[in-house]
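Below is one structure, written out as structure tokens; the observations come after it.
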Amino acid sequence: MITGDLRRRFQMVPTNVCIGLGALLFVQTISSQQPANDRKQIIDRRPLAAAASSLEETRGKIVTYEEPLLTWMGDLEEIPGKSGTKGYLYPKESGTSLPSAVSSASDLHSALNDTLDACHKQSSGTRFQVLQSSWGYHITPAMVHDSNGALVAATSLLDAPIYVPAGERTAKDHLLALGAAVTAATGMRMDVSALPSQSAGFDNLFRANPARFSWAAEREIARDALIDLLSKSATSFSWRLNCQASTQPDARFCVLNVNPVSVAITNANGQPEKRALWFDRCADCPPLQQILPATAR
Amino acid sequence: MDGYDCYDYWDAFEMSLLEGSNEAGSYSWSLNGPPAIGYGTTQITQYAHQDFGTFCPYPTGETSQYYLLENSNMYFGAGFKMQLSVPWGWVCTGRQIHEVISNVSASRPGDSTPACWYSGSPYGYPSFGPGSTWTVHTGNIHGDGGQYDADFMGYSIGAADYYQSLLSGSQSCVMYSTTQSMTMSSCSTGLFTAQPYSVNANYFKIYATYMLGFRQGTGGQAE
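What follows is the structure, encoded as structure tokens:
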């Protein structure tokens, strides 16, 4: 019932399959215009997820991140004490760098391509691409090592077509239903973690009225369906799809982490601070200062 | 207990007391702060409060009591109800209470217990949205209305189970710690005062075979 609208609204355009020659040349051109020291270095087990967060914070635009499940031991390592009884393995640390000057939406697009390229130069691991939708930018996997170490085409769990039957649920329950539908469609468990500290945290920020509303996804790409659901929210949400590798196939799973976008601000004391954007899409919310004490402003 | 702490001098006469007049006559205050009314807190009875219709008391604190285990809605939580600290006879029934969460951390200051979250975890760093709002019930209690009213210290089942699976024996880890600032609405405007009446240190801890939520140092089982 939402298929047509979504396809018009969300036309995915791969803008940089990072191992493509043209893309590399384009990115190198941009990089050559930047002084070598005019970049922010990121070393992380998920450097592009960290880069997505950094760009969101400085630009106030949604940049999501999705990774594939890693199975090649060359990409993975143990973290002492974090394998448990399930043989968990983790991505090896790698790096990327962010261009320091990003001043417009088109610059953000270029910055993302630039960041992916820097990441790919510093690692022989997973190749990513940038997609664009009405919701924002999406870093998604393009190529990944198979269990033998060969680079093969990769997909995200959110590329799967899913079916969520129509039903009246809370926003959180719709999100959980979407996660269950991805699990059913792919055979890979996808847990959903949305403001996990508060039982009703996601519903509060979503601010559906009425709290239970009808929604469905019928043979919809999971990412399209997720955007369709989140577009009904009073708050801009971003996501990080992280996957847990393991020596035991049945212990592998992915987590869709959904959180409000955070932005970098300077607080009243002149100190840098991160601030989550709450109710930024709300048309009928009272000003926050009328419902929250001064300490929360 | 300082009576001034529970005295909203704007609400008291629905106007500023710094200068002006009311039925009691003209007045003027040359100093900042509330008027120097001399009364003992035990002298202010519920009868007087209702009769005068002027005082708008604020609590000086609250105490937590664990009373509810939440293991549904994909969430492990320890539920607490709160007893407001107000002078005998003062009634806050119907007033609104709001919390503001700050200082969110994946560890706990002064606690050598390691953090549950670590770089590489598929689950994100603990985060919180806007705080909850409660209505004060009879007896100056809030949060005593069951599953949808208690103040929960907890975490989503998937993430909590994941971190628990990495523990064994007597090991434990801190999922998060926060500072929770409690404020109460004004009697007349319904807006919340800027001054918190209680600032609480709360946290959630995972052990190999159970989980505990802590509010103001009072612990309760969440799983």
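Just so you know, the sequences run in chain order B and F. Position in the first sequence (first residue = 1) + 1175 = my numbering. Position in the second sequence (first residue = 1) + 354 = my numbering. In this text, a Cβ means the ideal position worked out from N, Cα and C, and glycines have one as well.
Spatial neighbours of B:I1440 within its chain, please: CB distance less than 7 Å, with the 5 preceding and 5 following residues excluded, ordered by chain position.
E1448, R1450
Work out the CA separation of F:Q419 and F:A562 for me, nearest whole Å.
25 Å
Whose Cβ in chain B lies nearer than 9 Å to the Cβ of F:F345?
There is simply no residue 345 of chain F to check, as chain F begins at 355 and stops at 577 in what is shown.
What number of angstroms, rounded off, separates the C-alpha of F:Y381 from the C-alpha of F:Q534?
Here F:Y381 scores only 32 on pLDDT, less than 50, and its place in the model is too uncertain to base an answer on.
Along the segment 408-429 of chain F, what residues have a CB closer than 8 Å to any CB found in chain B?
E424, N427, M428, Y429
Looking at C-alpha atoms only, which residue of F:L423, F:Q437, F:G571 is the closest neighbour of F:G431?
F:L423
Delimiting residues of the beta strand (DSSP E) encompassing B:N1242:
The amino acid occupying residue 1242 of chain B in the given sequence is Glu; Asn does not appear at that position. Per DSSP, B:E1242 belongs to no beta strand (DSSP E) and is neither H nor E.
Against chain F, does B:V1436 count as a neighbour if the rule is that its beta carbon must be under 8 Å from one of theirs?
no
Check whether F:Y551 and F:F568 have beta carbons under 8 Å apart:
no
Please state whether the Cβ-Cβ distance between B:E1477 and B:R1221 is less than 8 Å.
Residue 1477 of chain B is absent from the structure shown; chain B starts at 1176 and stops at 1472.
When you check each C-beta in the segment 1417-1430 of chain B against every C-beta of chain F, which residues fall closer than 8 Å?
N1417, C1418, Q1419, F1428, C1429, V1430
Any C-beta of chain D sitting closer than 8 Å to the C-beta of B:Y1338?
The structure shown contains no chain D; its protein chains are B and F.
Between the CA atoms of B:Q1297 and B:Q1216 - distance to the nearest angstrom
11 Å
Is the Cβ-Cβ distance between B:Q1373 and F:G483 less than 8 Å?
yes
With a CB to CB cut of under 7 Å and the five nearest residues on each side skipped, what residues in its chain are close to B:Y1338?
A1356, A1392, E1393, R1394
Between the Cα of B:L1244 and the Cα atoms of B:S1437, B:D1321, B:S1408, which residue gives the shortest distance?
B:D1321
Tell me, which residues are paired with F:F546 by DSSP?
F:S539
So which of F:P476, F:M565, F:S522 has the shortest CA-CA distance to B:G1259?
F:S522
Determine, for F:G499, whether the minimum Cβ-Cβ distance to residues of chain B falls below 8 Å.
no
Around the C-beta of F:N554, are 16 or more other C-beta atoms found within 10 angstroms, so that it is buried, or is it exposed?
buried
Between the segment 439-446 of chain F and the segment 409-418 of chain F, do three or more beta carbon pairs fall short of 8 Å?
yes
Does any CB atom of chain B fall closer than 8 Å to the CB of F:F506?
yes
Note down, in chain order, every chain F residue with its Cβ under 7 Å from the Cβ of B:K1261.
S519
Interfacial residues, the segment 1235-1261 of chain B to chain F, with Cβ spacing under 9 Å
I1254, G1256, K1257, S1258, G1259, T1260, K1261
Give the interface partners of F:S524 over in chain B, defined as CB-CB distance under 7 Å, in chain order.
Under the 7 Å cutoff, chain B gives no residues; its nearest Cβ is about 15 Å from F:S524.
Assess, as a yes-or-no matter, whether the segment 1419-1428 of chain B is touched by the segment 1362-1373 of chain B under the definition of 3 or more beta carbon pairs within less than 8 Å.
yes
8 Å is my cut-off, CB to CB: does B:N1288 come that close to chain F?
no
Three-state secondary structure assigned by DSSP to B:R1221
coil
Taking Cβ positions only, does F:A513 come closer than 8 Å to chain B?
yes
I'd like the ranges of any alpha helix (DSSP H) spanning at least 4 consecutive residues and lying wholly in the segment 1275-1316 of chain B.
1280-1297
Just the Cα atoms here: how many angstroms apart are B:P1316 and B:A1375?
31 Å
Based on the DSSP secondary-structure assignment, which residues constitute the bridge partners of B:A1420?
B:L1264
With a Cβ-Cβ cutoff of 8 Å, do F:M538 and F:T532 count as a contact?
no
Under 8 Å between the Cβ atoms of B:S1413 and B:T1290?
no
Per DSSP, B:N1444 is paired with what?
DSSP, once it has assigned bridges, lists no residue as partnering B:N1444.
Is the CB of B:L1273 under 8 Å away from at least one CB in chain F?
no
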